[in-house]
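For reference, the structure is listed below as structure tokens.
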Ligand code: NDP
Ligand code: 2IT
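Numbering (the working numbering), first residue to last: 31 to 480.
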């Protein structure tokens, strides 16, 4: 007798029971399962092999102690993790996050999402995520170095260029990748492409830093084009002021859009005149080099306001790009944006919209680009960095930008193919979920029950 497909509620109750207290992970699985359960009902081979249930159970989770000494010689103890979710289509791949808010649930949701995202890129990469509850804010450069070295002293035995290739994420940029790469090389005696996001001097891609933010805008451009709209002249609200937010802003400005806001975890700035290249360069120096707070923008540029403790979703705009963190855009924020006639919401961060917010956008017929498709440009260029390292070659920025553009167009095409509904509208969430799932599922079927 054919196995009956569980209903969504039953499936999610099982996930919840097996992962007690891990709300972010359950949320991410549910967001995917809502599209995949009806899909597997029509494709019984996936269901018979319990593919979704298997992807929602990480291959393994490594958790470890990280000891380091601060500048005052105090011994500090943090926890590190690597969640290796699935390596059906390629070596585990995904970033490392250093933030006080990191928990196992957060890393599990990110590793789960990464599996679908990496599949969508079409490149051979499985899904993983890792990091630590270490909070780099306010730490000296030497403290960050000692932490990174200690973190890698354990992580190095679980990763490798054909096993698992970490990269950056929140709190992990070029500086941290440098310290970790140096320690890996020292411990193993090998120079190999074990991390991506390296500086260009030692094997890094000439476009990895910009790739996520640029890719978000390339994806947005495709969405607008499919809806007979264009980017030039549109106003945009962005949250965050880190790697993703600032490079998305840079590309938007280059494309003729008006960027009105940026934020950090303390509040947001609103510049009604819009940011130009010069202002953005100043913010890059502030956030990426001096590691300052976004509120300082208003001391530097007149006409801008700072809103302490608030997110920017109440500011009227054509386009909203949440580029800070998970669940930063809730139902009320979605209502505000919809009320202000937003045309497109595209996720630069991972799972920045709550389920209710994403439902509200879809119900209101707003163009909604989900993270696993829209922010895949970063990991896609990581995949190119892996190819360059294996082939011992280096590619110029222009060539990489062309490849990134094509990769984002291809991801957009996949979302359209699997996401078009009976009325002809495109449900990008469904499209991304189904297209991402299918490739991983087919690979898993080929391997049998292992
Ligand atoms: P960064 O560390 O460079 O920047 C993070 C930004 O988000 C900072 O402005 C930070 O403010 C803000 N932020 C962090 N936590 C919170 C919070 N709890 N509430 C409000 N604001 C917060 O990280 P990235 O730009 O690399 O990452 C941003 C998002 O994009 C994350 O969701 C990440 O997973 C995702 N992403 C990143 C990719 C990459 O290539 N880097 C690729 C794909 C997705 P503050 O300084 O105050 O902490
Ligand atoms: O969420 C993400 O896609 C990343 N943080 C980038 C991962 C990577 O391996 O480049």
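Glycine included, C-beta positions come from ideal geometry on N, C-alpha and C.
Cβ pair residue i, residue j closer than 8 Å
| i | j | result |
| --- | --- | --- |
| residue 62 | residue 463 | yes |
| residue 382 | residue 358 | yes |
| residue 396 | residue 249 | no |
| residue 364 | residue 379 | no |
| residue 480 | residue 238 | no |
| residue 353 | residue 270 | yes |
| residue 448 | residue 465 | yes |
| residue 254 | residue 374 | yes |
| residue 261 | residue 286 | yes |
| residue 317 | residue 331 | no |
| residue 301 | residue 275 | no |
| residue 164 | residue 211 | no |
| residue 175 | residue 409 | no |
| residue 446 | residue 119 | no |
Opposing strand residues paired with residue i [DSSP bridges]
| i | result |
| --- | --- |
| residue 338 | 297 |
| residue 288 | 265 |
| residue 125 | 197 |
| residue 116 | 157 |
| residue 350 | 267, 375 |
| residue 98 | 106 |
| residue 202 | 199 |
| residue 417 | Paired residue(s): none; residue 417 is not in a bridge. |
Through-space distance from residue j to residue i, alpha-carbon basis
| i | j | result |
| --- | --- | --- |
| residue 296 | residue 125 | 24 Å |
| residue 241 | residue 434 | 7 Å |
| residue 356 | residue 252 | 24 Å |
| residue 109 | residue 229 | 27 Å |
| residue 307 | residue 74 | 53 Å |
| residue 170 | residue 326 | 21 Å |
| residue 6 | residue 236 | Absent from the structure is residue 6, since the part of the chain shown begins at 31 and ends at 480. |
| residue 439 | residue 97 | 44 Å |
| residue 218 | residue 91 | 22 Å |
| residue 422 | residue 216 | 20 Å |
| residue 136 | residue 52 | 8 Å |
| residue 177 | residue 437 | 35 Å |
| residue 314 | residue 201 | 15 Å |
| residue 267 | residue 366 | 13 Å |
| residue 101 | residue 403 | 42 Å |
| residue 257 | residue 468 | 26 Å |
| residue 49 | residue 59 | 11 Å |
| residue 148 | residue 157 | 7 Å |
| residue 196 | residue 458 | 27 Å |
| residue 478 | residue 111 | 29 Å |
| residue 336 | residue 372 | 22 Å |
| residue 205 | residue 273 | 13 Å |
| residue 428 | residue 70 | 41 Å |
| residue 323 | residue 81 | 45 Å |
| residue 351 | residue 377 | 6 Å |
Coil, strand or helix - residue i by DSSP
| i | result |
| --- | --- |
| residue 225 | coil |
| residue 109 | strand |
| residue 326 | helix |
| residue 91 | strand |
| residue 35 | coil |
| residue 445 | helix |
| residue 450 | strand |
| residue 397 | strand |
| residue 456 | strand |
| residue 190 | strand |
| residue 424 | coil |
| residue 359 | strand |
| residue 162 | strand |
| residue 135 | helix |
CA nearest to the CA of residue i, picked from the options
| i | options | result |
| --- | --- | --- |
| residue 349 | 340, 201, 338, 369 | 369 |
| residue 399 | 288, 247, 452 | 247 |
| residue 161 | 131, 151, 278 | 131 |
| residue 416 | 282, 477, 121, 117 | 121 |
| residue 304 | 119, 263, 469, 428 | 263 |
| residue 88 | 414, 144, 175, 276 | 144 |
| residue 432 | 83, 407, 322 | 407 |
| residue 67 | 54, 457, 83 | 83 |
| residue 55 | 134, 310, 323, 362 | 134 |
| residue 181 | 99, 409, 70 | 99 |
| residue 139 | 114, 154, 155 | 114 |
| residue 150 | 187, 288, 444, 221 | 444 |
| residue 344 | 328, 329, 361 | 361 |
| residue 191 | 231, 213, 234, 123 | 123 |
| residue 455 | 40, 221, 393 | 393 |
| residue 76 | 47, 233, 117, 34 | 34 |
| residue 405 | 278, 472, 420 | 278 |
| residue 291 | 328, 179, 41, 472 | 328 |
Residue-level contact to chain C via CB, residue i, 8 Å cutoff
| i | result |
| --- | --- |
| residue 163 | No chain C is part of this structure, which consists of one protein chain only. |
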